[in-house]
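No gaps in the numbering here: position 71 of the sequence shown is 76 in my numbering, and each next residue is one more.
All residues carry an ideal CB built from backbone N, CA and C; glycine is no exception.
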Amino acid sequence: MNFKIALIRGDGIGPEVVEEAVGVLETVGARFGHSYEWIDVLMGGCAYDAKGTPYPEGTKEACQRADAVLLGAVGGPKWDNLPPALRPEKALLAIRSDLGLYANLRPAALRPALKAACPLRSDIADKGFDLMLLRELTGGIYFGERKRYQTEDRGEEASDLMKYSEMEIERIGRRAFELARLRRKKVVSVDKANVLETSRLWRAVMHRLAAEYPDVAYSDMLVDNCAMQLVRDPSFFDVLVTENMFGDILSDEASMLTGSIGLLPSASIGDRTPGLYEPIHGSAPDIAGQDKANPVAAILSAAMMFRYSFRLAGEAAAIEKAVDLALSSGCRTADMAGSGAPLGTREMGKIIRGNI
Ligand code: NAI
Ligand code: MG
């Protein structure tokens with residue numbers, strides 16, 4: 006098949022890790038008989054430097070024309086003092102909302118070769134874990150009405166509104182059940198239904214959906230309990246689905262359990278729009294341009310692209326196996342604990358391509 010892929014290389018280590026992911030995609034293409042049309046798209050600090058805006062005209066349209074978008078990272082200290090509307094992060098929010106990317110997939114898996122990097126007790130780490138956190142990305146308290154005003158007797162007061170509609174809950178809920186069918190067929194929905202009305206609606210909609218997916222095991226969990234269970238026994242989880250803010254916090258907690266930030270991919274998906282695939286890390290200005298960045302998160306993002314946008318699980322698994330083989334044969338970049346001299350970004354990419 007031929008795939009149109011928009012590349013947002015971005016800032017800092019973004020271009021370095023995207024280059025390795027592109028190399029891996031090319032290798033997979035050669036092996037499985039796919040070709041690509043690459044569309045280079047300008048976004049972030051580099052776009053501000055070139056065009057005076059982090060989100061130039063044409064960026065959105067170029068991404069909409071693609072089958073999927075691969076993003077490195079945007080931002081860095083060079084642009085930190087710009088007004089909010091011109092900051093690189095603004096472009097990130099804009100592209101997510103322009104593409105209607107309401108479902109954020111954050112896998113957290115302990116790669117077998119990296120058990121020693123897991124901060125949990127060794128008897129827990131030895132069991133391993135492989136969970137998928139599905140976070141609602143375009144609703145909830147982060148998008149509700151914000152207020153701040155002076156009161157007569159209590160000083161200033163502020164409020165943020167948490168709001169969800171059945172439509173928003175149902176579409177993310179369906180994604181969770183569909184995802185579980187591709188995995189171990191287990192969904193845990195995380196809410197705070199003992200306190201919040203939005204959570205009671207969330208739970209009601211999830212229960213209705215659960216009845217439509219009798220082949221998937223379903224349960225509810227309160228968010229505070231979930232925070233505990235994640236460190237007590239992460240192997241309990243398969244798919245976790247939750248609202249925006251809970252997902253923000255729990256996904257960071259889950260990612261810490263896997264060792265390095267340089268390993269974790271993510272996907273953001275909507276309906277009838279190209280998915281956006283990106284490492285969870287930022288532009289790492291402290292190591293940019295030094296061939297030190299770990300390209301694995303970007304490479305595993307390319308694997309997610311095959312699995313979730315192109316529905317080609319074999320190609321995705323080939324990439325994941327190639328990464329695991331590199332790690333189990335001792336290959337490490339500087340961010341991962343290991344013995345011996347660390348590999349550079351390009352060398353790590355080359356080894357993974359070789360394994361494919
Ligand atoms: P960061 O993720 O860029 O870096 C945090 C630490 O992890 C640094 O010490 C960095 O060297 C290390 N690190 C990150 N990725 C790595 C990799 N692939 N290999 C090896 N080491 C890696 O987060 P930070 O420092 O908070 O943000 C830096 C810039 O990135 C900021 O301008 C921030 O706004 C932006 N950012 C952009 C994101 C995006 O484009 N999606 C996400 C997060 C931050
Ligand atoms: Mg966060």
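For Ile274, the enclosing beta strand (DSSP E) has its first and last residue at Pro270 to Ile274.
Its Cα nearest to that of Asn230, the residue Leu255 stands out among Val328, Leu255, Trp207 and His212.
By a beta-carbon distance limit of 8 Å, Gly77 contacts Ile13. Their separation comes to about 7 Å. Ala289 sits in coil when the DSSP states are folded into three classes, being neither helix nor strand. Between Ile356 and Cys336, the C-beta gap is smaller than 9 Å, which places the two residues in contact. The closest CA to that of Leu268, considering only Gly345, Thr338 and His39, is found on Thr338.
In chain order, Ala78, Ile266, Gly267 and Ala302 place their CB closer than 7 Å to the CB of His286, counting only its own chain and leaving out the 5 sequence neighbours on each side. In the DSSP secondary-structure assignment, Tyr282 is bridged to Leu75 and Ala272. Inclusion of Leu281 and Ala272 in the CB contact set at 9 Å is warranted, their separation being smaller than that value. For Pro112, the uninterrupted beta strand (DSSP E) run begins and ends at Ala108 to Ala114, by DSSP. The distance from the Cβ of Leu245 to that of Leu139 is about 7 Å, consistent with a contact at the 8 Å cut-off. For Leu139, the enclosing beta strand (DSSP E) stretches over residues Asp135 to Glu141. Here the C-alpha atom of Gly38 lies approximately 31 Å from the C-alpha atom of Lys297. Excluding the 5 residues flanking it on each side, Gly275 has same chain C-beta neighbours closer than 8 Å at Leu104, Gly105, Leu106, Tyr107 and Ala108, in chain order. Distance between Met6 and Ala323, taken at the CA atoms: about 17 Å. Per DSSP, reduced to three states, the secondary structure at Ser164 is strand. In this structure, the beta-carbon distance from Leu166 to Ala198 does not fall below 9 Å. Between the segment 106–126 and the segment 82–96, the count of C-beta pairs closer than 8 Å stays below three; the two stretches do not touch. Distances between the C-beta of Ile44 and the heavy atoms of ligand 1 are all 8 Å or more. Per DSSP, the beta-bridge partners of Gly15 are Ala78. Per DSSP, reduced to three states, the secondary structure at Lys83 is helical.
In the three-state scheme derived from DSSP, where H, G and I count as helix and E and B as strand, Val200 is classed as coil.
Per the coordinates, the alpha-carbon of Arg186 lies some 46 Å from the alpha-carbon of Glu162.
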